[in-house]
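Here's the structure, in structure tokens; my notes come after.
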Amino acid sequence: MRYNELKIMILEIFNKNGGMNFQELLDQFKKDLIMDQKALQMALLRYHRQGLLNRRKKGKYYLYKISDRGKIRLKWLRKNSKN
């Protein structure tokens with residue numbers, strides 16, 4: 000998988016589905032891609048730190064949503080990944 004493919008996939012899922020916790024995202028990935036659970040958790044943390052995802056504590060889980068910055072980055076990635 001190329002570097003930005005995972006980022007595009009995750010941002011696309013959040014852009015379409017709104018807020019999700021880790022388990023809900025993992026369920027989405029099981030349909031499309033077999034991925035290590037720890038790698039997916041690290042990707043969420045990395046994208047949160049980059050400002051691409053917002054998160055808030057909901058019960059014992061974090062609820063993630065795409066941020067405005069994430070939407071801008073997704074638009075840019077879509078445009079530039081086709082080259």
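Numbers 0 to 82, taken from numbering that gives the first Met the number 0, label the letters of the sequence shown in order. No residue lacks a Cβ here, since even glycine has one placed at the ideal position from N, Cα and C. All figures in this text were calculated on a predicted structure; none of them were measured in a lab.
Checklist line | As assigned by DSSP and simplified to three states, the class of L52 | finding: If DSSP states are grouped into helix, strand and coil, L52 belongs with the strands.
Check: Does DSSP put K81 in a helix, a strand or coil?
Finding: Correct three-state label for K81: coil.
Margin query: So the candidates are D67, L25 and G18; which of them puts its Cα closest to the Cα of M41?
Written below: For the residues D67, L25 and G18, the minimum Cα distance to M41 belongs to L25.
Notebook entry, point to check: Quick one: what's N14 bridged to in DSSP?
Noted result: BP columns for N14 are empty, so no partner.
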